[in-house]
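Numbering (this note's numbering), first residue to last: 1332 to 1492.
Taking it in order: structure first as structure tokens, then the write-up.
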Amino acid sequence: MNEIISKAITYIIIFLIYSVVLNVIRMIYTDIHSMNKRIDEANEAYDTGESLAAYLKLINLKRDVYFDVEESYTLLDKQTIGRAGNNDIVIDDPFLSKRNTGIYFKNNAYYIKDLGGKNGTSLNGEAVGGSLVRMSSGDRVSVGQLGFIFIDPEEDEGRYE
């Protein structure tokens, strides 16, 4: 009897180890896939002479949230973030308002604005009010339960040379 229990526990431990390894591989694959997508976009922009688009990169682990969210969101000239389907970036986070946040491109810079959401929007830990606040590459944006890093490749272009 003890031998059967011992074998069952051994198989359960082996199964758990394989599950952890497979989850790690899946997370690595997802991250590499996301980065390859960004590299392809960068190469395409370079080939056509276009500038690279800024984007929001998810900080949270996707497995820690129970709703669908992308690893990154490319930013355009004017976008809204919220739960409602009429937003440019729709995230089904129950802590997001129907129309929570606006992101705007003006005068060669990106700006963020809270659109009156109940839980608000924060930039680098500071609440963003109803007026436009300029973002810089590397800034942390929080909306609902999610955290993002704002990346602007144009701003970063000469930074590390």
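No residue lacks a Cβ here, since even glycine has one placed at the ideal position from N, Cα and C.
Asked, Found
"With 16 other CB atoms within 10 Å as the buried threshold, where does residue 1466 fall?", "buried"
"Considering only residues of the same chain and omitting the five flanking positions on each side of residue 1435, which have a CB-CB separation below 6 Å?", "1409 and 1442"
"To the nearest angstrom, how far is it from the Cα of residue 1428 to the Cα of residue 1460?", "15 Å"
"Excluding the 5 residues flanking residue 1452 on each side, which residues of the same chain have their C-beta closer than 6 Å to its C-beta?", "1432, 1445, 1459 and 1474"
"Helix, strand or coil for residue 1449, going by three-state DSSP, please let me know.", "coil"
"DSSP three-state label for residue 1457, please.", "strand"
"Who are the near neighbours of residue 1349 in its chain, counting only those whose CB is closer than 6 Å to its CB and skipping five residues on each side?", "none"
"Under a Cβ-count criterion, where at least 16 other Cβ atoms within 10 Å of its own Cβ denotes burial, should residue 1339 be classed as buried or exposed?", "exposed"
"Nearest by alpha-carbon distance to residue 1402: which of 1462, 1420 and 1411 is it?", "1420"
"Which residue or residues does DSSP assign as beta-bridge partners of residue 1433?", "1411 and 1444"
"When you compare the CB positions of residue 1430 and residue 1456, do they come within less than 8 Å of one another, or not?", "no"
"Out of 1450, 1404 and 1462, which has the shortest C-alpha to C-alpha gap to residue 1476?", "1450"
"Roughly how many angstroms separate the alpha carbons of residue 1398 and residue 1422, rounded to a whole number?", "8 Å"
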